[in-house]
Amino acid sequence: VSAWHRVKDAAEVWHFYAGAPLALSMHRENGPVIEQVLGTALAAGERPQIVVPAGWWQSARSLGEWSLVGCTVAPGFDFAAFELAAPGWSPNPAGNPS
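Residue numbers (this note's numbering): 2 to 99.
Listed below in structure tokens is the structure:
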């Protein structure tokens, strides 16, 4: 499980390589939490790549024992634009106050 985090100024593309599918939760400010599944079972709605737009919060969890995935960030990743949510934080859907 990855903690909620975001890259403020760059999109992140997740790529599936092997293992169990990966649930990717995404949230933009004032919007709902969206969950998509990274994997190879296209008929089941899984996707081999998922794009997280710049500035969106994201969290990932394997749906099995392990998942091998990779991420590409564009433009180039800079830690100054990375934000890790405080422990226990989770987004409030539809912009409800935290």
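Using N, Cα and C, we set each Cβ at its ideal position, and we do this for glycine too.
Candidates the options: closest to residue i by CA position
| i | options | result |
| --- | --- | --- |
| Ala61 | Lys9, Ala11, Phe17 | Phe17 |
| Pro33 | Gln59, Leu69, Ala87, Glu66 | Gln59 |
Bounding residues of the beta strand (DSSP E) (the contiguous stretch that carries residue i)
| i | result |
| --- | --- |
| Val2 | Taken as a continuous stretch (DSSP letters only), Val2 belongs to no beta strand (DSSP E), as it is neither H nor E. |
| Ala75 | 68-75 |
| Leu85 | 83-85 |
CB contact below 8 Å: residue i versus chain C
| i | result |
| --- | --- |
| Leu43 | Included in the structure is just one protein chain, with no chain C present. |
Same chain, Cβ closer than 7 Å to residue i, five either side skipped, listed in chain order
| i | result |
| --- | --- |
| Ala11 | Ala55, Val74, Ala75, Pro76, Phe78, Ala82 |
| Trp57 | Arg7, Met27, His28, Arg29 |
Rounded Cβ spacing between residue i and residue j (contact assumed at less than 8 Å)
| i | j | result |
| --- | --- | --- |
| Ala24 | Val38 | 6 Å |
| Leu64 | Ala21 | 5 Å |
Cutoff 6 Å; reference residue i; Cβ partners in own chain excluding five residues on either side
| i | result |
| --- | --- |
| Glu47 | Pro22, Val38, Gly40 |
| Ser68 | Gly20, Ala21, Leu23 |
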